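Per this note's numbering: the first sequence = residues 188 to 417.
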Amino acid sequence: MSLPIVHAHEWDVSTAEARTIQEQLASKVQTTHLDETYDRPVRTIAGIDVSIRGGIAQAAVSVLELPDLSVAAESVHRCDIPFPYVPGYLSFREMPAILPALDQLAQDMGALPDVLVTDSQGRAHPRRFGLACHLGVVLNHPSFGVAKSILTGEPLGTLSTEKGSTVPLVDGDEQVGVALRTRANVNPVYVSIGHRITLEEAIDLTLRVSPRYKIPETTRHAHRLSRQET
DNA sequence: GCGACAG
DNA sequence: ATCTTGTCGC
């Protein structure tokens with residue numbers, strides 16, 4: 188069974204149209220707990236990354252099993268770059284490559300991994316609809332984003348240097364995510380929810396898959412995969 | 001108008 | 001993101 192939504196999306200849009208799509212889909216984001224989706228602990232988590240080379244986008248997904256973080260599956264998909272890089276519209280550039288890769292993965296595994304993680308913002312976005320939200324809503328699947336820098340908002344207060352410490356990431360009067368220290372004395376990452384997950388759960392998962400490095404192991408694997416030649 | 005700006 | 005070697009430091 189493939190993911191029907193993969194072929195049901197129109198990505199050839201203008202920035203103005205993309206903005207309208209984001210504003211309309213942003214209201215569909217669900218902030219429910221993972222236990223409303225699963226009656227068991229999270230077992231698989233997918234790291235997703237896209238590399239751009241020579242006008243071609245290559246998306247890679249690597250699935251890790253919890254709690255041991257062993258690699259359970261991988262998938263890669265290439266396509267032409269459909270959209271330029273415009274801050275705030277990353278999903279329109281990367282999702283056309285990501286969705287087919289996830290489709291293939293779902294066929295290989297029989298289902299999507301429990302949670303999807305992307306190198307991006309989720310709700311910490313000008314219209315509260317970053318790539319992590321877009322992916323989650325389109326697939327109606329739990330997702331969240333882990334970014335290395337801020338797109339919008341600012342840390343509320345000073346983050347202590349200890350591993351696991353957090354500080355709210357606020358945009359105007361609302362909290363859109365957190366700055367999270369995944370390792371002592373290294374720059375923080377910015378975590379925000381995508382869909383069907385809580386910020387607390389996203390933070391917990393990020394720490395569980397980042398026992399050695401600043402960024403999640405899922406992301407490291409996917410990043411290397413996405414840069415592989417063929 | 002000026003500066004900021006995920007990957 | 002990508003172009004790219006060595007190097008300083010825990």
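All residues carry an ideal CB built from backbone N, CA and C; glycine is no exception.
Quick caveat, the model's predicted, so the values are computed rather than measured.
Contact under 8 Å by Cβ, residue i with residue j
{"i": "S336", "j": "T369", "result": "no"}
{"i": "S249", "j": "A409", "result": "yes"}
{"i": "E404", "j": "L286", "result": "no"}
{"i": "T202", "j": "V273", "result": "yes"}
{"i": "P342", "j": "V354", "result": "yes"}
{"i": "H418", "j": "H264", "result": "This structure cannot settle anything about residue 418, because the visible part of the chain is limited to 188 through 417."}
{"i": "V333", "j": "V302", "result": "no"}
{"i": "A244", "j": "A284", "result": "yes"}
{"i": "R310", "j": "G359", "result": "no"}
{"i": "I384", "j": "S307", "result": "no"}
Three-state secondary structure assigned by DSSP to residue i
{"i": "I232", "result": "strand"}
{"i": "V295", "result": "Sequence check: residue 295 is Asp here, not Val. Helix at D295."}
{"i": "D358", "result": "strand"}
{"i": "V200", "result": "coil"}
{"i": "A213", "result": "helix"}
{"i": "I239", "result": "strand"}
{"i": "E387", "result": "helix"}
{"i": "L256", "result": "coil"}
{"i": "E261", "result": "strand"}
{"i": "L221", "result": "helix"}
{"i": "A371", "result": "coil"}
{"i": "T417", "result": "coil"}
heavy atom of the ligand COA below 7 Å from residue i C-beta
{"i": "L318", "result": "Because no ligand of any kind appears in the structure shown, any question about the ligand COA cannot be addressed here."}
Residue i - containing alpha helix (DSSP H), residue span
{"i": "V396", "result": "First-last for V396: undefined, no H or E at that position."}
{"i": "S413", "result": "E404 to S413"}
N- and C-terminal bounds of the beta strand (DSSP E) containing residue i
{"i": "V248", "result": "I243 to E252"}
{"i": "E381", "result": "Note that residue 381 is Gly in the sequence shown here, rather than Glu. Residues V376 to H382."}
Presumed contact (8 Å Cβ cut-off) between residue i and residue j, rounded CB distance
{"i": "L400", "j": "R411", "result": "It is worth fixing the name first, because residue 400 is Tyr in this sequence and not Leu. No, Y400 and R411 are not in contact; Cβ-Cβ is about 13 Å, not under 8 Å."}
{"i": "A246", "j": "P300", "result": "About 14 Å; that fails the 8 Å criterion."}
ask   = Quick one: complete alpha helix (DSSP H) runs, 4+ long, within the stretch 263-335?
value = 277-296 and 318-326
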